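**Q**
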Amino acid sequence: MGTVVAALVLSGCAGPQYTYVRDDDGETYFKVPAAWREIDRKTLDSKLFGDPDSATAQAQKQSNWIVAFDAHAQPSVDHLLSGPSGTEDQPFVFAKVHKLSESEQNQVSLNVLRNSIGLPVAMSDTDRQQLEENPENPFKNFELLADQVLPAQEGVRGVRSVFNFQLLDGPVQTFDETAYLSADGTQISTLLIRCSATCYRQRATEIDNIAQSFKVKRLLNQ
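Each number in the numbering used here corresponds to the 1-based position in the sequence shown with 11 added.
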């Protein structure tokens, strides 16, 4: 599955202001500043799915559409969870559309949406404590900053959560995650925006603009 990208060109001699991104079906879409650079697709696939020749990676590619953009001058897929050391952090945007299996469709809930990107967001206090005490867990000091169940529109349900994690011993990272369940219940679309806590506060308006642009059209089986 590829990305369809179009730039909005302003009047006169001005360059494009935004890059508009949508999945192949044209049902999930959002925008990012035009200066932000897309992460190479093969590099992104390899990072998230593993060896492209493996059966597991092939299956993952069949059920997931992914794309990422980095505002950093030297974009890298490694900025997905934390920024580069020694330089000022910049926002990183990651989007995923996941086609649900029948079993997954039967288990969908708002908490499944909150956890759809793979980060441990929604869990019981007991599970959270056990996770925090696990020395192999890289995500520490979870803080939920905001959580909003979005108004349902034409059967599409969604939730937006903003939270902090400290990855290993690095600086606190803020994640802004929006997830939607399609009207027919067959796929989850998720947008994740990451930046250091300081970066997020400084660029909150810009980041919110991106998050607000993330939409899913109504999908119904014929």
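All residues carry an ideal CB built from backbone N, CA and C; glycine is no exception.
Since the structure is predicted, the reported quantities are computational estimates derived from the model, not experimental observations.
When the distance is taken between beta carbons, is Ala-66 closer than 7 angstroms to Phe-60?
**A** No, these two residues do not count as a Cβ contact at 7 angstroms.
**Q** Quick one: what does DSSP say Lys-53 is sitting in, helix, strand or coil?
**A** Helix at Lys-53.
**Q** Tell me the residue span of the alpha helix (DSSP H) that contains Lys-72.
**A** Segment 66 to 74, the alpha helix (DSSP H) holding Lys-72.
**Q** Here's the rule I'm using: 16 or more other beta-carbon atoms within 10 Å means buried, otherwise exposed. How should Glu-38 be labelled?
**A** Buried: at least 16 other Cβ atoms inside 10 Å.
**Q** For Thr-189 versus Arg-168, is the C-beta distance shorter than 7 angstroms?
**A** In this structure, Arg-168 does not lie closer than 7 angstroms to Thr-189 by Cβ.
**Q** Closer than 6 angstroms to a non-hydrogen atom of the ligand MN - does that hold for the CB of Arg-205?
**A** This structure lacks the ligand MN, and indeed carries no ligand of any kind.
**Q** Does the Cβ-Cβ distance between Gln-184 and Arg-205 come in under 7 angstroms?
**A** It is a contact, given that the beta carbons lie within the stated cut-off.
**Q** On a CA-only basis, which of Gly-196, Leu-130, Val-108 and Glu-147 is nearest Asn-175? Give me that one, please.
**A** For Asn-175, the nearest C-alpha among the options comes from Leu-130.
**Q** With distances taken between CB atoms, is the gap from Ser-57 to Leu-178 smaller than 7 angstroms?
**A** Not in contact: Ser-57 and Leu-178 (Cβ atoms no closer than 7 angstroms).
**Q** Identify the continuous beta strand (DSSP E) that holds Val-170 and give its terminal residues.
**A** Segment 167 to 178, the beta strand (DSSP E) holding Val-170.
**Q** To the nearest angstrom, how far is it from the Cα of Leu-142 to the Cα of Asp-64?
**A** Answer to the nearest angstrom: the Cα atoms are 33 angstroms apart.
**Q** Provide the residue span of the beta strand (DSSP E) that contains Gln-198, from first to last.
**A** Counting along the chain, the beta strand (DSSP E) containing Gln-198 begins and ends at 198 to 207.
**Q** Please name the residue, chosen from Trp-47, Arg-33, Asp-35 and Asp-34, that lies closest to Glu-217 on a Cα-to-Cα basis.
**A** Checked all of Trp-47, Arg-33, Asp-35 and Asp-34; the closest Cα to Glu-217 is Trp-47.
**Q** Would you call the CB atoms of Ala-106 and Leu-202 closer than 7 angstroms?
**A** Result yes, Cβ atoms of Ala-106 and Leu-202 sit closer than 7 angstroms.
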